[in-house]
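Colleague: Numbers in my numbering are just positions in the sequence shown, counted from 1, shifted up by 752. Note that CB positions come from ideal geometry on N, CA and C, so glycine has one too. Being a predicted model, the structure only gives us computed values, none of them experimental.
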Amino acid sequence: MKVSKIIPISAAIGSVIIFGGCADFREELTAGAQRLPDFFHGAATSEGYWRGDDVRGPTKIVVHVDEQRAYFYKGHRLVGESTVSTGKRGFDTPPGRYHVTEKDKNHVSSEFGDYLNARGEVVKSNIDVRKDAQPQG
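#1: From the DSSP output, in three-state form, read off A885 for me.
#2: What residues in its chain sit with their C-beta under 8 Å from that of Q886, if we drop five residues either side in the sequence?
#3: Can you give the Cα-Cα distance for S834 and G800, rounded to whole angstroms?
#4: Within 10 Å of its beta-carbon, does G842 have 16 or more other beta-carbons around it, so buried, or fewer, so exposed?
#5: Give the secondary structure of T835 by DSSP, where H, G and I count as helix, E and B as strand, and everything else as coil.
In structure tokens form, the structure reads like this:
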């Protein structure tokens, strides 16, 4: 068989293996997970919830980019959910496994946000300090 025929066949087989495996990836990550009852520490909201303070086990965060949601697990128990922002076109975070390296409850971005005047009013919103010049005043 010629090399020119092997490459497309190999690519097709590889695509089936890779993309076929993606269909089960979400189920694999959450396999065996148990949703905690709503009475555990309050009701869930669309923004999110946390019910993991009294739950033991290894922690894991699973982010579903298509849903823009993060799911928090302790052991095999779903203990929280939250909305997330995973980036915009051109600034996407590539899929993969990541480790939390820093936690800051009161974090405020030093690169993205709004320019405010002395009275705290928004002068220019949704800025990137690396691209957007600070307005006069």
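Modeller: Result, derived from the coordinates:
#1: Residue mapping note: residue 885 aligns to position 133 of the sequence shown, counting from 1. Secondary structure at A885: coil, using DSSP grouped into helix, strand and coil.
#2: As a first step, residue 886 must be located in the sequence shown, where it is residue number 134. Answer for Q886: Y867, listed in chain order.
#3: As a working note, residue 834 is residue 82 in the sequence shown. As a working note, residue 800 is residue 48 in the sequence shown. Between the C-alpha atoms of S834 and G800 there is a straight-line separation of about 4 Å.
#4: For this step, residue 842 is matched to residue 90 along the sequence shown. Within a 10 Å sphere around the beta-carbon of G842 sit fewer than 16 other beta-carbons, which makes this residue exposed.
#5: Taking the first residue of the sequence shown as position 1, residue 835 is located at position 83. Note: T835 maps to strand in three-state DSSP.
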